[in-house]
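Residue numbers (this note's numbering): 40 to 113.
Beta carbons: idealized from backbone N, C-alpha and C, even for Gly.
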Amino acid sequence: MTRPPLPLSPALNAAAGRLCPDAPLGALSGAALAIAGGSVIGAHLRWAGGEAANVDTGWRGRGIEEALAQTAAG
């Protein structure tokens, strides 16, 4: 789990957008990402008035969702 600095780098921004397509990536106030094998496999994003979280299908049910939420909460 990582809490990358904002704004996200172009590569992380693209990966976060793939996982949470409805998130306003330019207005994020917080982000937690799960990375495995050099790829972003999960994201928990926060912005004023909302948040979104998603984990790639093959990685669900392994506790990543909870770890992302804890990391995002800081």
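Alpha helix (DSSP H) segment containing residue i, residue limits
| i | result |
| --- | --- |
| Pro49 | Pro49 to Leu58 |
Distance between beta carbons of residue j and residue i, contact taken as under 8 Å
| i | j | result |
| --- | --- | --- |
| Ala62 | Ala91 | 5 Å |
| Ala71 | Arg42 | 5 Å |
| Ala111 | Arg85 | 6 Å |
Proximal residues to residue i (C-beta, below 6 Å), its chain only, five neighbours per side dropped
| i | result |
| --- | --- |
| Gly56 | Leu64 |
| Leu45 | Leu67 |
Proximity test, residue i beta-carbon vs the ligand SAM heavy atom, cut-off 7 Å
| i | result |
| --- | --- |
| Leu67 | You won't find the ligand SAM in this model; it holds no ligand whatsoever. |
Can you list the beta strand (DSSP E) stretches of 3 or more residues lying completely in the segment 68-101, in chain order? 78-86 and 89-94
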